[in-house]
């Protein structure tokens, strides 16, 4: 039986209280304390939970910390006085448009405290006056008809979820001179543009700008009308409860740079069916995707090493398939509690299989398609118009296989043999050069795998050199080859190598191997190709990536010397000598 939204909210609030208790070793967080005693404990911000632009964290003065314990009343407002300002504790009026007073009895209003405007159904617009510095947790809670809020230049701090339950909120306005906050595409951001703090609940789609790195706690909470959202490539962190109760979102794609998904980040996203995780996710916290009623299958990324938070995918009644990579070696026992998990998929012999056996969940071995071999019947160094037989063999995946063979020469590509059942093809090169030969296998599920090799073809006009190329092996185990023919043209210039301070390295992305193609000395012109290759490898091995922008100073010579030990020569057949 489906839980009502009210029941879910009650369960969620109870769960978060328990989480706070466990995480704080018995000490409740500021938000829970505020709920225990609204009149006193939330008059001032807790500096460890407020939201601000981190570059300009303001501090409370001693005067701001002195509060009277007795509330007072002025018109439609209950408030507390302290030495240098007023904290509004409750609004009791029934106006539609509310302009909060800047002064009460000659004292400036500084704070709007926890649930000051709790369930003010009549209010459609609120203007926060100049002079207010802080807005408390859920300050405008459950103002169900609120459509617009205007925030002042003086606002410095804001607690989480200030607009919780404001389902009709369509517009947030911030004074353009505010040093801490701004509005972009309708959303409340830090002035730096790196953090999103709130999104109006009435929005059905949002365009999060590139440059945002953090979606803060509860930023999109209760955005029930939100149906589509594109997360920017710059995103690093999704904080707790960021998208809770986003009932309209059906799919979410986590960017490759995202490293953390916080507690309850997508809890109670009823229509969420599909999740695509990025390549660098390292932390997936408790109840992150709990109670997602429509979630059907999940493929966890290889960047994860453990899932120790409880109930991450709990109570997902349609979740029947989870793919667990072999990189994960520890999983909490209650990870999938209450979910209809029919099968766990993983590599045979991995921890996924052990976990499935421990908790009596059917395990299905995951067959990863690959090319077990890709060879030629003749070595590199053949003449043009020679018939060369290519052979490839698929492994794992689902048979039958289909094979395709192609080549790349500089910026030119061509198909040698299109996809078909034959796993051999004949390559007859008509032009001399350094070819990249590519084999691709496709299984009956449409999955593909590729492999490549390099073959030098000569026109017979010049003798083959003893060594055709250099090869380097990086820390990640990849080999990189540089041949004499690669050093022909000049492109983007970069300084490299302390021994060649005046030298310029030029590079171009010729193929998937990204071969560096030239090195030029400002005084001597092109260097000897072997010296050039050596210098390029020094730089390449130091930075590992080809887009090298660093000048290596002389004090790094020892490090370069260690790196160059990974560089090897290859003979004319491509064998490392």
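Residue numbers (this note's numbering): 152 to 728. A virtual CB, placed ideally from N, CA and C, is assigned to each residue, including glycine. Model, not experiment: these values are computed from the prediction.
Got a sec, what are the start and stop residues for the beta strand (DSSP E) residue 518 sits in? Where residue 518 is concerned, there is no enclosing beta strand (DSSP E), given that its DSSP letter is neither H nor E.
Length at least 4, wholly inside the segment 437 to 471: the alpha helix (DSSP H) runs in chain order: Runs found: none.
Terminal residues of the continuous beta strand (DSSP E) containing residue 509? Here residue 509 belongs to no beta strand (DSSP E); instead the alpha helix (DSSP H) covers 502 to 509.
Supposed contact pair residue 590 and residue 529 - C-beta distance, whole angstroms, cut 8 Å: About 16 Å separates the two Cβ atoms, so there is no contact after all.
What are the start and end residues of the beta strand (DSSP E) that includes residue 400? Element bounds for residue 400: n/a, residue is neither H nor E.
From what residue to what residue does the beta strand (DSSP E) around residue 301 run? That run of the beta strand (DSSP E) goes 299 to 302.
Tell me the residue span of the beta strand (DSSP E) that contains residue 588. Taken as a continuous stretch (DSSP letters only), the beta strand (DSSP E) holding residue 588 covers 584 to 593.
Contact between the segment 275 to 290 and the segment 308 to 316 is defined here as three or more beta-carbon pairs at a separation below 8 Å; is this criterion met? Yes, the segment 275 to 290 touches the segment 308 to 316.
Neighbourhood of residue 276 by C-beta distance below 6 Å, restricted to the same chain and skipping five residues each side: Within the same chain, 248 and 299 come within 6 Å of residue 276 by CB-CB distance, once the 5 residues on both sides are set aside.
Bridge partners for residue 606 per DSSP, in chain order? DSSP, once it has assigned bridges, lists 586 as partnering residue 606.
So the beta strand (DSSP E) residue 279 belongs to, where does it begin and stop? Neither: residue 279 is in no beta strand (DSSP E) and is coded neither H nor E.
Residues in the same chain with beta-carbon distance under 7 Å from residue 517, minus the five sequence neighbours each way, listed in chain order, please. Cβ-Cβ distances below 7 Å link residue 517 to 474, 496, 497 and 498 in the same chain, with the five nearest sequence neighbours on each side left out; the list follows chain order.
Report all residues from its chain with a CB closer than 8 Å to the CB of residue 430; omit the five preceding and five following residues, and keep chain order. Excluding sequence positions up to five before and after residue 430, its CB lies within less than 8 Å of the CB of 407, 452, 453 and 454, all in the same chain and listed in chain order.
Start and end residues, beta strand (DSSP E) containing residue 323: The continuous beta strand (DSSP E) containing residue 323 extends over residues 322 to 325.
Report yes if the CB atom of residue 592 is closer than 8 Å to the CB atom of residue 520, and no otherwise. Taking 8 Å as the cut-off, the beta carbon of residue 592 is found closer than this to the beta carbon of residue 520.
What runs of the beta strand (DSSP E), each 3 residues or longer, lie entirely inside the segment 222 to 265? Runs of the beta strand (DSSP E) inside the segment 222 to 265: 223 to 225, 228 to 233, 236 to 242, 248 to 250 and 258 to 263.
Residues in the same chain with beta-carbon distance under 6 Å from residue 340, minus the five sequence neighbours each way, listed in chain order, please. The residues are 333 and 347.
Three-way DSSP call (helix, strand, coil) for residue 434 in this model: DSSP places residue 434 in strand when its eight states are reduced to three.
Can you tell me the Cβ-Cβ gap for residue 383 and residue 363, rounded? I've got them flagged as a contact below 8 Å. Contact between residue 383 and residue 363 is confirmed by a C-beta separation of about 5 Å, below the 8 Å threshold.
Spatially closest choice to residue 294 from 314, 304, 458 and 468, by CA coordinates: Looking at the Cα atoms, 314 is the closest of the given residues.
Evaluate residue 456 with the Cβ neighbour count: other Cβ atoms within 10 Å of its Cβ, from every protein chain shown; 16 or more gives buried, anything less gives exposed. Only exposed fits residue 456, as fewer than 16 other CB atoms lie within 10 angstroms of its CB.
Residue burial classification, residue 605 (beta-carbon count within 10 angstroms, cutoff 16): Classification for residue 605: buried.
Excluding the 5 residues preceding and the 5 following residue 609 in the sequence, name in chain order all residues of the same chain whose CB lies nearer than 8 Å to its CB. The residues are 532, 533, 534, 535, 583 and 615.
Just curious, the beta strand (DSSP E) that residue 333 is in, first and last residue? Counting along the chain, the beta strand (DSSP E) containing residue 333 begins and ends at 332 to 335.
Taking the straight line between their C-alpha atoms, what separation do you get for residue 527 and residue 549? Computed Cα separation, rounded: 25 Å.
With DSSP as the reference, label residue 377 as helix, strand or coil. Secondary structure of residue 377 (DSSP, three-state): coil.
Beta-bridge partners of residue 497, as assigned by DSSP: Partner(s): 516.
Residues near residue 236 in its chain [Cβ-Cβ closer than 6 Å; skip 5 each side]: Around residue 236: 259 and 261.
Sort 506, 522 and 523 by Cα distance to residue 515 and report the nearest one. Looking at 506, 522 and 523, the one whose alpha-carbon comes closest to that of residue 515 is 506.
Report the option in 464, 292 and 459 whose CA atom is closest to the CA atom of residue 445. The residue with the shortest Cα to Cα distance from residue 445 is 464.
Taking buried to mean at least 16 other C-beta atoms within 10 Å of its own C-beta, is residue 263 buried or exposed? Classification of residue 263: buried, given that the 10 Å Cβ count is 16 or more.
Closest Cα partner of residue 125 within the set 553, 401 and 476: The chain is shown from 152 up to 728; residue 125 falls before or after that span and cannot be answered.
Which residue wins for smallest C-alpha separation from residue 409, given the options 425, 484, 389 and 381? 389 is the residue among 425, 484, 389 and 381 whose C-alpha sits nearest the C-alpha of residue 409.
What is the residue span of the beta strand (DSSP E) that residue 546 lies within? Start and end: 539 to 546.
How is the beta strand (DSSP E) around residue 356 delimited, first residue to last? Its beta strand (DSSP E) spans residues 356 to 358.
Going by Cα to Cα distance, which pick from 400, 245, 319 and 395 is closest to residue 419? Looking at the Cα atoms, 395 is the closest of the given residues.
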